[in-house]
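Numbering (the working numbering), first residue to last: 64 to 581.
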């Protein structure tokens, strides 16, 4: 029902519907008028035929009259001729079935002419009735009849009847002529009506075409405007015409384009502001990187002598030359351990800055990965011993030569091994297993600890910047390790162990012809 109401309320649909109804009415009316005129023409044609038949019937009556006067015909033949003409004249006016034709009554326009015909017929019939009784009374013998006819002047009678018959024929011909003229007039009127209906139908069609053209004009304008918008020109408007649905559509389109232009303007303004903000962020980021670089280098300057002197002093204390208590040696170990931690932090800061600036460079060389792992394990020897953690390295049967940045790969192994030691406590277990092997044209290294494992909440972003599972961690070691491995074309991953104790961190590096031993 709402759809029907909407269609009824459509002004365009209402206009077209009215025009179509008028068009249908005109077409139906033209067919109706044509049928009516054809019926009238048929009726007039039948009337002409019946009126024309009066000539034949009058001639036949005159012949029968003359024969009757001559005595060569009897009264019944004469009556038959009289009845035929009389029936023809009466049916011509009143209508009815005659000669196999269902004749309509004569139009009132022709009553005057018919009255003349009827008057002439009445004169003829009256004169005829005057002679018929006399002949019936004197019909015993032929000789007496001839004598009687001579007495009543038969020749005069014939001329009298011929004159009346002539008047009757003439009046009938006049009626035929008028009926024919009316037929011609009807034909001409029919042609004029057909022309009028044709003009009206064509006019309605032209009006419909005009309405459709007016309806298509805004659609064409909208199509062109849409094409311009598709090409990126939003500074377009469509002229609004009328108050129908297309006018509403045009208004909505113009409102939409105005909104789009406003949005584009706001977007451009925001883009300009964002560009300025980005430039400011880049400038501040550059200042931050410069500060980090300066701070890192400045930090390295005091750390190196502190670390060097602390290691020298520990060797002297532990070598027995100077002698030192166990407490002093432990204090020196603490200094050395924290100095190394600061040194690694300084290196991580520099590496993170290079990664963000995409300036991390690899100094590739051919080396034995197994030997590289052993050196890193040795570096963590004291730290693991202090925590009573056993580092177990499962060495392969043969060296694994790779073409990579030896220092960077050592850094990755150090980060992973340092994390494993950090999260492995006495309560959790004391073993850390390091494994290296060749597999599927790759060098795989895994470090399995027995610590607390990876928190499921941070696992999806474990290798992102500043993500850590340790309260004291910086969260940049794994981020740096991931970028170093990926810069070598490898991959790095981590999973909790199946037994629920600790986690395994692993990475793989591609092997190629350059990595094979020479």
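Note that CB positions come from ideal geometry on N, CA and C, so glycine has one too.
Keep in mind the model is a prediction, meaning the values are calculated, not measured.
(request) Compute the beta-carbon to beta-carbon distance between residue 551 and residue 467, rounded to the nearest angstrom, for a pair I have assumed lies under 8 Å. (result) The sequence position of residue 551 within the chain shown is 488, counting from 1. The sequence position of residue 467 within the chain shown is 404, counting from 1. The pair is a contact, with the Cβ atoms about 5 Å apart (cut-off 8 Å).
(request) Check whether the Cβ atoms of residue 148 and residue 120 lie closer than 8 Å to each other. (result) Sequence index remark: in the chain shown, residue 148 carries index 85 (1-based). Sequence index remark: in the chain shown, residue 120 carries index 57 (1-based). Yes; because the gap between Cβ atoms is below 8 Å, this pair is in contact.
(request) Would you mind sorting residue 444 into buried or exposed? The rule is 16 or more other CB atoms within 10 Å of its CB. (result) As a first step, residue 444 is located in the chain shown; it is residue number 381 there, counting from the start. The residue in question, residue 444, is exposed, as its Cβ has fewer than 16 Cβ neighbours within 10 Å.
(message) For the pair the segment 162-179 and the segment 233-246, tell me if three or more CB-CB distances fall below 8 Å.
(response) yes
(request) Would you mind giving the Cβ-Cβ distance between residue 540 and residue 529, rounded to the nearest angstrom? I have them listed as a contact below 8 Å. (result) Position 477 of the chain shown, counting from 1, holds the residue named residue 540. Position 466 of the chain shown, counting from 1, holds the residue named residue 529. So it is not a contact: roughly 11 Å between Cβ atoms.
(request) Provide the residue span of the alpha helix (DSSP H) that contains residue 140, from first to last. (result) Locating residue 140 in the chain shown gives position 77, counting from the first residue. It spans 138-157 - the alpha helix (DSSP H) in which residue 140 sits, taken as one unbroken run.
(message) So within the segment 413-450, which uninterrupted alpha helix (DSSP H) runs reach at least 4 residues, ignoring any that extend past its ends?
(response) 432-442, 444-449
(message) Checking 8 Å against the spacing of the C-beta atoms, do residue 571 and residue 505 come in under that value?
(response) Mapped onto the chain shown, residue 571 falls at position 508. Mapped onto the chain shown, residue 505 falls at position 442. Cβ distance < 8 Å, so residue 571 and residue 505 count as in contact.
(request) State the DSSP-derived secondary structure class of residue 269, mapped to helix, strand or coil. (result) Taking the chain shown and counting its residues from 1, the one referred to as residue 269 is at position 206. Correct three-state label for residue 269: helix.
(message) Determine whether the beta carbon atoms of residue 155 and residue 245 lie at a separation below 8 Å.
(response) Within the chain shown, the letter at position 92 stands for residue 155. Within the chain shown, the letter at position 182 stands for residue 245. Not a contact, by the Cβ cut-off of 8 Å.
(request) Note the first and the last residue of the continuous alpha helix (DSSP H) segment covering residue 550. (result) Within the chain shown, the letter at position 487 stands for residue 550. 540-550 is the extent of the alpha helix (DSSP H) around residue 550.
(message) Can you list, in chain order, the residues of its chain with a C-beta nearer than 6 Å to that of residue 406? Leave out the 5 residues immediately preceding and following it.
(response) As a working note, residue 406 is residue 343 in the chain shown. For residue 406, where only same-chain residues beyond five positions count, the Cβ hits under 6 Å are 366.
(request) Using a threshold of 8 Å, state whether the C-beta atoms of residue 433 and residue 398 are closer than that. (result) To locate residue 433, count along the chain shown from 1; it is residue 370. To locate residue 398, count along the chain shown from 1; it is residue 335. No.
(message) Taking 6 Å as the limit between beta carbons, can you name the residues of its chain near residue 109, skipping five residues before and five after?
(response) For this step, residue 109 is matched to residue 46 along the chain shown. Closer than 6 Å at the Cβ level, and outside the excluded window around residue 109, lie 164, 166.
(message) Let me check one thing: in DSSP terms, what residues is residue 502 bridge-paired to?
(response) Position 439 of the chain shown holds residue 502. According to DSSP, residue 502 bridges with 505.
(request) For the segment 265-280 and the segment 95-104, state whether three or more C-beta atom pairs, one from each stretch, are separated by less than 8 Å. (result) no
(request) Buried or exposed for residue 545, please, with buried defined as at least 16 other CB atoms from any protein chain shown within 10 angstroms of its CB. (result) Within the chain shown, numbered from 1, the residue matching residue 545 stands at position 482. Residue 545 is buried by the Cβ-count criterion.
(request) State yes or no: is the C-beta of residue 509 within less than 8 Å of the C-beta of residue 569? (result) On the chain shown, position 446 is the one that residue 509 refers to. On the chain shown, position 506 is the one that residue 569 refers to. Contact: yes.
(request) Closer than 6 Å by C-beta to residue 264: which residues in its own chain qualify, once you throw out the five before and the five after it? Chain order, please. (result) On the chain shown, position 201 is the one that residue 264 refers to. Correct list, in chain order: 89.
(message) Counting C-beta neighbours from all protein chains within 10 Å, is the total for residue 475 16 or more, i.e. buried, or is it exposed?
(response) To locate residue 475, count along the chain shown from 1; it is residue 412. Classification of residue 475: buried, given that the 10 Å Cβ count is 16 or more.
(request) Report back the beta-carbon spacing between residue 124 and residue 145 to the nearest angstrom; my notes put them in contact at under 8 Å. (result) Start at 1 with the first residue of the chain shown, and residue 124 comes out as number 61. Start at 1 with the first residue of the chain shown, and residue 145 comes out as number 82. That belief holds up - the Cβ atoms of residue 124 and residue 145 are roughly 6 Å apart, short of 8 Å.
(message) Suppose the cutoff is 6 Å on Cβ atoms and the five residues either side in sequence are ignored; what does the same chain contact list for residue 186 look like?
(response) The residue you call residue 186 lines up with position 123 of the chain shown. So the qualifying residues of the chain are 227.
(request) Measure the C-alpha to C-alpha separation of residue 450 and residue 343 and round it to an integer number of angstroms. (result) The count along the chain shown starts at 1 and reaches residue 450 at position 387. The count along the chain shown starts at 1 and reaches residue 343 at position 280. One C-alpha to the other measures close to 48 Å.
(request) Report the three-state DSSP secondary structure of residue 454 (helix, strand or coil). (result) Within the chain shown, numbered from 1, the residue matching residue 454 stands at position 391. Residue 454 falls in the strand class under three-state DSSP.
(message) Suppose you measure from the CA of residue 86 to the CA of residue 268; what does that come to, to the nearest Å?
(response) Translated into positions along the chain shown, residue 86 becomes position 23. Translated into positions along the chain shown, residue 268 becomes position 205. Approximately 8 Å between the Cα atoms of the pair.
(request) Locate the alpha helix (DSSP H) running through residue 473, then write down its first and last residues. (result) The residue given as residue 473 occupies position 410 in the chain shown. Looking at the DSSP string, the run of the alpha helix (DSSP H) that includes residue 473 is 469-486.
(request) Would you mind working out which of 334, 326, 281 sits nearest residue 312, comparing C-alpha positions? (result) Counting from 1 along the chain shown, the entry for residue 312 is found at position 249. Nearest C-alpha to residue 312: 281.
(message) Please state whether the Cβ-Cβ distance between residue 511 and residue 565 is less than 8 Å.
(response) As a working mapping, residue 511 is identified with position 448 in the chain shown. As a working mapping, residue 565 is identified with position 502 in the chain shown. It is a contact, given that the beta carbons lie within the stated cut-off.
(message) For residue 24, report the span of its beta strand (DSSP E) as first-last.
(response) Since the first residue of the chain shown is 64 and the last is 581, residue 24 is not available in this structure.
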